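Novice:
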């Protein structure tokens, strides 16, 4: 039984609708449901699912669609009613107590003439024109939206450069400006380290580690992932960020983080850093490090980046070593974990919500044992044929687009990872699960709690097969984050998970264990 | 490289316009940041042709 409702001129943001969609799908007797805006992608999706009618055909991206497939007409009606109630609740909440919400940017600037930054997270195909308008109003921009073309990115960054404004993005998930976390970011102590990063979770992990090392930051500027990787963009925003940190008297140490950069862009950035005269720490993820020279220091991991920067900023001396936990302690843990496994258990399954954290683990395992399957692999032979199915040693980035079509990012909605944990638990060859838990604004309110039952069930299943499942985790977060880091840690430890101080150390421990069982 | 406006920003209180996901505005309010949530809608009611015409007219 199908029921479809199309409400004209009723716009809601996609993340909110995905959460409503999830609620409606869980309704008793509902087989399938879609709550979305009438964009081309969504109407095609509905057509493919067979949930389609002429009204959907004629809908626009401004029209709300609620489509339900249920066992009975009554259930379908009830589900649609429930969706409408959830949507109305939101509308009333938005209208209550709040100030007027302008539709146009002109009006917004009129109401808030001292605005100095705009955060833009509208659908990608509309984002470029909004950014252009904002830059022309002399606003610094954080562009969270993805699906912005390379041509648009170049044009917008050139305009920003001309005006001397920040244009962080596209696909910029994390920034910390003047101590205020923007979008997906953590509460970090203030200090004297300035960061420019072309990686959102990279910036989160490094800033949190700086906080753990007892130091703090001035600014955390995001650039979007393509800034340095694409030679046509040539690191415009990274170079502007470095220039601003050079001029900033509060910033004593500069940190730069990026995925492997285009060669010419990297040269320019390194020349710029040298020219700042300030101590700089460089981490190009997955690239061989060079010997330190003058004020330039090269780090091999996200944690080491933070440790070196904290030491340069006057903190404790940083000793480059794999574990901050004593070596005999990690040996003991590894021996204890492997001692209970059966002979069939040999594989690693890394289930990540943070892309750069997944990359860091993958690179480490690649150099340690090799042959790691992943949806982030650059070696085509090791790219997962189906990202939903693990093979051998697998590290999967669950924040990848293939997992987020029609559902929120796993940092917001942990169910994508929960489902994957349940699936992996049925594989008798799995020895170790390696996970990231990312806290901070933007993330789920209880990321550890949300997957706890699936993790403890997975451990039970392994025991029923006379084996033992080792679960190694790390928490990207600080004491200032609203999720309560200590509570998160306790929850994980209560079911026998091992919580390491960083993603790097968690990955190293997982590698130690896998080497023992291989 | 002109980055004067960026250094100026570093010395100001952050005042934010949020266009899109509302939770980002809520998080900023939570930190005491002055923020204005926009009621953004696809331009020209989502009609691509008219939207691109408007964009070309600079509106």
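Protein chains in written order, with my numbering: chain G, 812 to 1329; chain D, 75 to 133. Glycine included, each C-beta is placed from N, C-alpha and C at the ideal position. Bear in mind the structure is a predicted one, so any value in this text is a computation, not a measurement.
#1: Under 8 Å, do residue 827/G and residue 901/G count as touching if we go by C-beta distance?
#2: Using a C-beta cutoff of 8 Å, does residue 928/G count as contacting chain D?
#3: Quick check: the Cα distance between residue 1118/G and residue 1021/G, rounded to an integer number of angstroms?
#4: What's the call for residue 860/G, buried or exposed, on a 16-neighbour Cβ count within 10 Å?
#5: Look at the alpha carbon of residue 1106/G and the alpha carbon of residue 1062/G, and state the distance between them as a whole number of angstroms.
#6: Return the chain-ordered ranges of every beta strand (DSSP E) run that is complete within the segment 942 to 1008 of chain G and spans a minimum of 3 residues.
#7: How many Å lie between residue 1230/G and residue 837/G at the Cα?
#8: Give the C-beta separation of residue 1195/G and residue 1241/G to the nearest angstrom, bearing in mind that I take them to be a contact with Cβ-Cβ under 8 Å.
#9: Comparing the C-beta of residue 951/G with each C-beta of chain D, is any distance below 8 Å?
#10: Can you tell which of 1039/G, 1211/G, 1000/G, 1006/G has the C-alpha that lies nearest to the C-alpha of residue 1092/G?
#11: Quick one, are the C-beta atoms of residue 1162/G and residue 1098/G less than 8 Å apart?
#12: Going straight from the alpha carbon of residue 959/G to that of residue 968/G, what length do you get?
#13: Can you check the segment 1082 to 1154 of chain G for any alpha helix (DSSP H) of at least 4 residues that lies completely inside it and give the ranges in chain order?
#14: Go ahead and pull the three-state DSSP assignment for residue 1161/G.
#15: Taking DSSP as the reference, what is the three-state secondary structure of residue 1316/G?
#16: Could you pull the DSSP bridge partners for residue 1017/G from this structure?
#17: Give the range of the alpha helix (DSSP H) segment to which residue 1215/G is assigned.
#18: Tell me the rounded alpha-carbon separation between residue 973/G and residue 81/D.
#19: Is there a C-beta anywhere in chain D that falls below 8 Å from the one on residue 994/G?
#20: Are there 16 or more other CB atoms within 10 angstroms of the CB of residue 1145/G, so buried, or fewer, so exposed?
#21: Taking residue 1070/G as part of the alpha helix (DSSP H), name the residues at either end of that continuous run.
#22: Run down chain D in chain order and give the residues with a C-beta less than 9 Å from the C-beta of residue 1294/G.
#23: Just to confirm the assignment, what range does the beta strand (DSSP E) spanning residue 807/G have?
#24: Work out the CA separation of residue 77/D and residue 1089/G for me, nearest whole Å.
#25: Near residue 1094/G, which residues of its chain fall below 6 Å by C-beta distance, leaving aside the five closest residues on each side in sequence?
#26: Taking beta-carbon pairs under 9 Å, can you tell me which members of the segment 873 to 893 of chain G lie near chain D?
#27: Only counting the same chain, and skipping five residues up and downstream in sequence, which positions put a Cβ closer than 7 Å to that of residue 99/D?
#28: Nearest by alpha-carbon distance to residue 1192/G: which of 1102/G, 1030/G, 1182/G is it?
#29: Give me the Cα-Cα distance between residue 1220/G and residue 1040/G, rounded to the nearest whole angstrom.
#30: Which of the three DSSP states, helix, strand or coil, is assigned to residue 105/D?
#31: Buried or exposed, going by whether 16 or more other CB atoms sit within 10 Å of the CB of residue 1108/G?
#32: Could you check where the beta strand (DSSP E) with residue 1029/G kicks off and where it finishes?
#33: At a Cβ threshold of 8 Å, is residue 913/G touching chain D?
#34: Mark residue 1255/G as exposed unless 16 or more other C-beta atoms lie within 10 angstroms of its C-beta, in which case mark it buried.
#35: Assuming residue 1316/G contacts residue 1136/G under a Cβ cut-off of 8 Å, what Cβ separation, rounded to an integer in Å, is found between them?
#36: From which residue to which residue does the beta strand (DSSP E) around residue 1247/G run?
Specialist: Put simply:
#1: yes
#2: yes
#3: 7 Å
#4: exposed
#5: 14 Å
#6: 951 to 954, 985 to 988, 991 to 994, 1001 to 1008
#7: 15 Å
#8: Not quite, the Cβ-Cβ distance comes to about 15 Å (not below 8 Å), so this is no contact.
#9: yes
#10: 1006/G
#11: no
#12: 12 Å
#13: 1113 to 1123, 1138 to 1150
#14: strand
#15: helix
#16: Looking at the DSSP assignment, residue 1017/G forms no beta bridge with any residue, so it has no partner.
#17: 1212 to 1215
#18: 15 Å
#19: yes
#20: buried
#21: Segment: none, residue 1070/G is in no alpha helix (DSSP H) and carries neither H nor E.
#22: What residue 1294/G touches in chain D: nothing, since even the nearest Cβ is about 13 Å away.
#23: The structure shown does not extend to residue 807/G, since chain G spans only 812 to 1329, so no value can be given for it.
#24: 18 Å
#25: 1068, 1110, 1116
#26: 873, 874
#27: 92, 109, 111
#28: 1182/G
#29: 23 Å
#30: coil
#31: buried
#32: 1028 to 1033
#33: yes
#34: buried
#35: 7 Å
#36: 1241 to 1249
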